[in-house]
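Below you'll find the structure, written out as structure tokens, and then a few comments.
Protein chains: 2
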Amino acid sequence: MTTTALKARKEFGKTLASDIAHRLRNEIVTCRLKPNESLKFDALRLSFGASFTTLREALTSLAAEGLVVTEEQRGYKVAPVTLEDLADLTHARILIEVDLLRRSIEKGDDDWEIRVISSLHRLARIEERAPEDYANNAEWKAAHRQFHEALVSASGSPTLLAMRNALFDRAERYRNLSAMFRPRPRDKAGEHRALMQAAIGRNADQACDLIRSHIQTTSDNVAKYAADVIGAT
Amino acid sequence: MTTTALKARKEFGKTLASDIAHRLRNEIVTCRLKPNESLKFDALRLSFGASFTTLREALTSLAAEGLVVTEEQRGYKVAPVTLEDLADLTHARILIEVDLLRRSIEKGDDDWEIRVISSLHRLARIEERAPEDYANNAEWKAAHRQFHEALVSASGSPTLLAMRNALFDRAERYRNLSAMFRPRPRDKAGEHRALMQAAIGRNADQACDLIRSHIQTTSDNVAKYAADVIGAT
DNA sequence: ATGAGCAATATTTTCGAAAATACTTGCTTC
DNA sequence: GAAGCAAGTATTTTCGAAAATATTGCTCAT
Chain C
1 MTTTALKARK EFGKTLASDI AHRLRNEIVT CRLKPNESLK FDALRLSFGA SFTTLREALT
61 SLAAEGLVVT EEQRGYKVAP VTLEDLADLT HARILIEVDL LRRSIEKGDD DWEIRVISSL
121 HRLARIEERA PEDYANNAEW KAAHRQFHEA LVSASGSPTL LAMRNALFDR AERYRNLSAM
181 FRPRPRDKAG EHRALMQAAI GRNADQACDL IRSHIQTTSD NVAKYAADVI GAT
Chain X
1 MTTTALKARK EFGKTLASDI AHRLRNEIVT CRLKPNESLK FDALRLSFGA SFTTLREALT
61 SLAAEGLVVT EEQRGYKVAP VTLEDLADLT HARILIEVDL LRRSIEKGDD DWEIRVISSL
121 HRLARIEERA PEDYANNAEW KAAHRQFHEA LVSASGSPTL LAMRNALFDR AERYRNLSAM
181 FRPRPRDKAG EHRALMQAAI GRNADQACDL IRSHIQTTSD NVAKYAADVI GAT
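Now the structure itself:
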């Protein structure tokens, strides 16, 4: 990243602070900002071109999401990655995602079915086009996120959905971390298709089992391939 | 609240912003700041004696907890109360709290048992001393919170515990709201005792049933007594 | 050498002014 | 009289300087 100060301009959110939070979140999830790295205001001000207080506001939201931690009076740092945290996170994700999926399958209407089918279709197309390294592909990541989001989108639980989204980001950071050290990504296309079919077929128990093992297996793989770089404690 | 500007000084947290967040949270949960009330910076600055940016940081955390909502460029307001929100909240609380309780019962050690027993004891003492209106008593509320916190304190899931705490605050606001209109509080002493006994007796299924219906019944009562003041949409 | 105390430096935290944006009021036109 | 516009006011959002706090590096006594 260049060291010349930039004059930040909004691209995404309506306020600069939310925009910065969005960009910072991305830097952290993709591990361009490394776990445990300390987030000094002078440096951030240079990279993001915003003032102390605006950055502070952005960091406050990220701390609430769990991507950043703060020791009061001693600044902020990127949240550490540990096997304990990964296990904690995985447990929480399964609990919440299974509940959301079950209720989505119960309540989902035609539009929901269409969202599920079309987001899977898009995902499959991207995988066809770049069968080698799609897991490092930002487009694939966005489509992957959208497919999983579509599955739970009819649950009608804003509170749990917001929590799910924060957890998804935290998990994606671990996925990206393990992708750096993994010889070749597991093929998830079959799992995604089965998940879609169970959901659309309103086979709730089966779909919940699938999502549970989908999340758990991903987590296990991360633990396996990234164990070296992930702090044990 | 007096209209003379105060020079804020820290009482609680290490930074002023976290201190203000703490005080604001309390004002909102106790409904001294009413649902939907718009939170103007000039007014807040007067009451809390902090500057724009410090207040903004505090509001950002409260927004993440769901006690405050923001429409970008149009400021902050106290989160509305609705029957939908109450139902959403209750569902999320049951899902998370049941999971935490079950795992607490599985893992809890001697210290956990002591925390559960002693916090219930304190609660019972307070109820004895003020059998009439203990539900409006700040001391009782703190003890009540601590008892429920003790129950789940051995679960070892920081992520879900943090979520649980935020949900507890949101729920307490609804409880306080209904307490204003309710002739007489339901007697929860028996439920609390049964909960303690099931937990200490390591009877996980029974304890989970009890906590589930404890939360659900409380929510139903709130809906019943506060329906008038709670927006239907 | 080692650690305590203190000065110098680095960093975070807080402030109030200035810029940007939204809202209101009163006027004009149809 | 209603709709649209414009100027003025209210409010939020952003900034960089100043205050508070933490960290580092040095001196000196043991």
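Sequence order for the protein chains is C and X.
Number 162 in full-length UniProt numbering belongs to position 162 of the first sequence; there are no gaps in the numbering.
Number 140 in full-length UniProt numbering belongs to position 140 of the second sequence; there are no gaps in the numbering.
All residues carry an ideal CB built from backbone N, CA and C; glycine is no exception.
- About 6 Å separates the beta carbon of R170/C from that of L67/C, a gap short enough to meet the 8 Å contact definition.
- Excluding five sequence positions before and after E127/C, the CB atoms of its chain that fall closer than 8 Å to its own CB belong to Y134, W140 and A189, given in chain order.
- Between the alpha carbons of I117/X and L177/C lies a gap of roughly 44 Å.
- The continuous stretches of alpha helix (DSSP H) do not include T30/X, and DSSP gives it neither H nor E.
- Taking a beta-carbon distance threshold of 8 Å, P158/C counts as an interface residue toward chain X.
- The DSSP-derived three-state label of L39/C is strand.
- For D88/C, the closest of V222/X, M163/X and A204/X by C-alpha to C-alpha distance is M163/X.
- Apart from the 5 residues on each side of it in sequence, A194/C sits with its Cβ closer than 8 Å to the Cβ of L210 in its chain, given in chain order.
- Of the candidates L100/X, E132/X, A124/X and D187/X, L100/X places its Cα closest to the Cα of L151/X.
- With its beta carbon at least 8 Å from every one in chain X, R175/C lies outside the interface.
- The beta-carbon of L89/X is placed less than 8 Å from the nearest beta-carbon of chain C.
- The beta carbon of Q216/C does not come within 8 Å of any beta carbon belonging to chain X, so the residue lies off that interface.
- K141/C carries a helical assignment under DSSP once its states are collapsed to helix, strand and coil.
- Here the stretch 89 to 97 of chain X does not lie against the stretch 36 to 55 of chain X, with fewer than 3 beta-carbon pairs under 8 Å apart.
- Pairing A154/C with S104/C gives a Cβ-Cβ distance under 8 Å.
- Taking all protein chains in view, the Cβ of I114/C is surrounded by fewer than 16 other Cβ atoms within 10 Å, so the residue is classified as exposed.
- Straight-line measurement puts the Cα of D228/X at about 44 Å from the Cα of A79/C.
- Leaving aside the five residues that flank N36/C on each side, the residues in its chain whose CB is nearer than 7 Å to its CB run, in chain order, K77, V78 and P80.
- For G49/C, no Cβ of chain X is located within less than 8 Å of the residue's own Cβ.
- T15/X and Q206/X have their alpha carbons spaced roughly 43 Å apart.
- Taking 8 Å as the cut-off, the Cβ atoms of A179/X and N136/X count as close.
- For the set S157/X, S61/X, L83/X and E172/X, the Cα lying nearest the Cα of G108/X is the one of S157/X.
- Taking every protein chain shown into account, the CB of H121/C has fewer than 16 other CB atoms within 10 angstroms, so this residue is exposed.
- Relative to the Cα of R102/C, the nearest Cα in the group I215/C, G75/C, A199/C and N221/C belongs to A199/C.
- From the beta-carbon of D99/C, the residues of chain X found nearer than 7 Å are L95.
- Any Cβ of chain X closer than 8 Å to the Cβ of R25/C would place that residue at the interface, and such an atom is absent.
- With distances taken between CA atoms, R212/X lies nearest to T90/X out of T90/X, R202/X, A226/X and N203/X.
- Taking 8 Å as the cut-off, the beta carbon of L62/X is found no closer than this to the beta carbon of R32/X.
- Between L83/C and A223/C, the gap from beta carbon to beta carbon is short of 8 Å.
- Residues of the same chain with a CB within less than 6 Å of the CB of I28/X, apart from the 5 flanking positions on each side, are L67 and V78 in chain order.
- Selection T159/X, R129/X, L160/X and R175/X evaluated against R145/X yields R175/X as nearest (Cα-Cα).
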